[in-house]
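J.:
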Amino acid sequence: MDLFYKKKIYALFPQITEYDVPLSQLSQWRIGGKAEVVVRPRSKKELIKIRQWLYLNDLKSVIIGNTTNLLFSDEGLHVVVIQIGSNFSGLKIDGVELIAESGIWIPSLARVAMQAGLSGLEHTCGIPGSLGGLIVMNGGSQRQSISSVVRYVEIVDNKGKIKRYTNKECDFSYRNSIFQNKDDVIVEVGLILDTNQDKNDIRREMLRILKSRRKKFPQKQPNCGSTFISNLDMYEDYGPPGKIIEGCGLKGLSRGDAQISKLHANFIVNTGRAQANDILYLINIIKETVYKKTGYQMIVEAKFVTSCGDIISL
Ligand SMILES: Cc1cc2nc3c(=O)[nH]c(=O)nc-3n(C[C@H](O)[C@H](O)[C@H](O)COP(=O)(O)OP(=O)(O)OC[C@H]3O[C@@H](n4cnc5c(N)ncnc54)[C@H](O)[C@@H]3O)c2cc1C
11 MDLFYKKKIY
21 ALFPQITEYD
31 VPLSQLSQWR
41 IGGKAEVVVR
51 PRSKKELIKI
61 RQWLYLNDLK
71 SVIIGNTTNL
81 LFSDEGLHVV
91 VIQIGSNFSG
101 LKIDGVELIA
111 ESGIWIPSLA
121 RVAMQAGLSG
131 LEHTCGIPGS
141 LGGLIVMNGG
151 SQRQSISSVV
161 RYVEIVDNKG
171 KIKRYTNKEC
181 DFSYRNSIFQ
191 NKDDVIVEVG
201 LILDTNQDKN
211 DIRREMLRIL
221 KSRRKKFPQK
231 QPNCGSTFIS
241 NLDMYEDYGP
251 PGKIIEGCGL
261 KGLSRGDAQI
271 SKLHANFIVN
281 TGRAQANDIL
291 YLINIIKETV
301 YKKTGYQMIV
311 EAKFVTSCGD
321 IISL
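Residue numbering for the sequence shown follows our numbering, beginning at 11 and increasing consecutively.
#1: Suppose you measure from the CA of residue 86 to the CA of residue 214; what does that come to, to the nearest Å?
#2: Assuming the contact rule is C-beta atoms closer than 8 Å, residue 113 and residue 142 should be a hit. Round their C-beta distance to whole Å, please.
#3: Does the beta carbon of residue 242 sit closer than 9 Å to a beta carbon anywhere in chain D?
#4: Just how far apart, CA to CA, sit residue 167 and residue 254?
#5: With DSSP run on the structure shown, which of helix, strand or coil describes residue 30?
#6: Please confirm whether any heavy atom of ligand 2 lies closer than 8 Å to the CB of residue 38.
#7: Between the stretch 131 to 141 and the stretch 74 to 91, are three or more C-beta pairs nearer than 8 Å?
#8: Starting from the C-beta of residue 23, find all residues in its chain whose C-beta is less than 7 Å away, skip the five residues before and the five after it, and write them out in chain order.
#9: Please specify which runs of the beta strand (DSSP E), each continuous and at least 3 residues long, are wholly inside the stretch 207 to 236, giving them in chain order.
#10: Go ahead and label residue 277 buried or exposed: buried means 16 or more other beta carbons lie within 10 angstroms of its beta carbon, across all protein chains shown.
#11: Looking at C-alpha atoms only, which residue of 274, 296 and 177 is the closest neighbour of residue 230?
#12: Go through its chain and collect everything with a Cβ distance to residue 182's Cβ below 6 Å, but skip five positions before and after it.
#13: Quick one: what's residue 264 bridged to in DSSP?
#14: Using only the heavy atoms of ligand 1, determine whether one of them is closer than 8 Å to the beta carbon of residue 121.
#15: Run the proximity test for residue 289: is its beta-carbon closer than 8 Å to any non-hydrogen atom belonging to ligand 1?
#16: Judging by CA-CA distance, which residue of 308, 272, 224 and 222 is the nearest neighbour of residue 238?
#17: Flag this pair as yes or no: are the beta carbons of residue 145 and residue 163 separated by less than 9 Å?
#18: Quick one: Cα of residue 242 to Cα of residue 43, how far?
#19: Give the DSSP bridge partners of residue 72, in chain order.
#20: What distance in whole Å lies between the Cβ atoms of residue 92 and residue 195, which are believed to be in contact at a cut-off of 8 Å?
#21: Name the residue from 296, 25, 311 and 33 whose alpha carbon lies nearest to the alpha carbon of residue 185.
#22: What residues match up with residue 319 in a beta bridge as DSSP calls it?
#23: Taking the alpha carbon of residue 279 as the reference point, which residue from 55, 38 and 297 has its own alpha carbon closest?
#24: Which term fits residue 152, buried or exposed, when burial requires 16 or more other beta carbons within 10 angstroms of its beta carbon?
#25: Is residue 105 near ligand 1, with its Cβ less than 8 Å from a heavy atom?
#26: Which of the three DSSP states is assigned to residue 169 in this structure?
#27: Here's a check: name, in chain order, each residue in its chain whose Cβ is nearer than 8 Å to the Cβ of residue 83, leaving out the five neighbours to either side.
#28: Measuring from the CB of residue 201, is there a heavy atom of ligand 1 at a distance below 8 Å?
#29: Can you determine whether any heavy atom of ligand 1 sits closer than 8 Å to the C-beta of residue 41, and answer yes or no?
#30: With a threshold of 8 Å, establish whether the CB of residue 168 neighbours any heavy atom of ligand 1.
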């Protein structure tokens, strides 16, 4: 990025701008080169100002949340990174509607819903990302997705304009939404929950889910959750991705410090100083081997962020 613009961003937004941030420290997978500029807006108003300024100066940006679904390039990031995190954690309950800012941490959101006796978010209680990221990915667990409780999604577009999408307009499908192809920053989400469950039952269900995740998923080594999406047809023929990868004899395979987890083969863990290229190598080996054995193309859930700020499917 041009040094002139780097200095200008810092001059305009000094308290929220950071230079040359190592993505190997910032990212969940602990992988990636340096991000030249990271801005962390503290309010919708500030975000609008940033987006308007970037638009007027024809500067590209990339939006990130908690990075729990992102693999960053070893080359780093040469565009402005807008990170939506704990500054956007406001939350309001209005009857059965929960109105939340997009940076809220999902486990906290699920806990607040449970405490208010509202059900519908139990399946999300162990997902370590932000609500904005969950909406973009239409994430969830236990074969459920966040889309089933979304009433609206409010965004700030690349020109700094606010817009609201209804659930239908979000065009949700399994682990996908319209936002994967848009340059919109999600700022707020309205969720319609249920009052038909006892608070203690909601709590028990959440504890059951957390216990089972702790047993099945690697806890200590950095990872990005499930690497591959479960495909319904493939599931019926061969089972879930982890079982198929294990059946291909790939569990435990390493390249550099990247390893197909010995605990759960649908996780690729960073055992030290793994590079993005090591992860990409293992993903390709899995895809090729599974295709040869089953005829199914595995779909990668994690997204790759190029050094130019494009977020691409692998
Ligand atoms: C240990 C572990 C377990 C996981 N388990 C699950 C699981 O059970 N189910 C599941 O679905 N996922 C799971 N994930 C993946 C991940 O947590 C979810 O996809 C999560 O919701 C992503 O949120 P994030 O804030 O980390 O988004 P990021 O990874 O930062 O970004 C993901 C995508 O969302 C976009 N984005 C993020 N925030 C915004 C915003 N405010 N506005 C616009 N775009 C935005 C980014 O541009 C990117 O395209 C897991 C990950 C880990 C590490």
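Even for Gly, the Cβ is constructed at its ideal location relative to N, Cα and C.
T.: From the atom records:
#1: 43 Å
#2: 7 Å
#3: Any reference to chain D falls outside this structure, which holds one protein chain only.
#4: 40 Å
#5: strand
#6: For ligand 2, the structure offers nothing, since it holds only ligand 1.
#7: yes
#8: 49 and 60
#9: none
#10: buried
#11: 274
#12: 148 and 157
#13: 269
#14: no
#15: no
#16: 308
#17: yes
#18: 36 Å
#19: 91
#20: 6 Å
#21: 311
#22: Beta-bridge pairing links residue 319 to no other residue.
#23: 38
#24: exposed
#25: no
#26: coil
#27: 42, 43, 286, 314, 315, 316 and 317
#28: no
#29: no
#30: no
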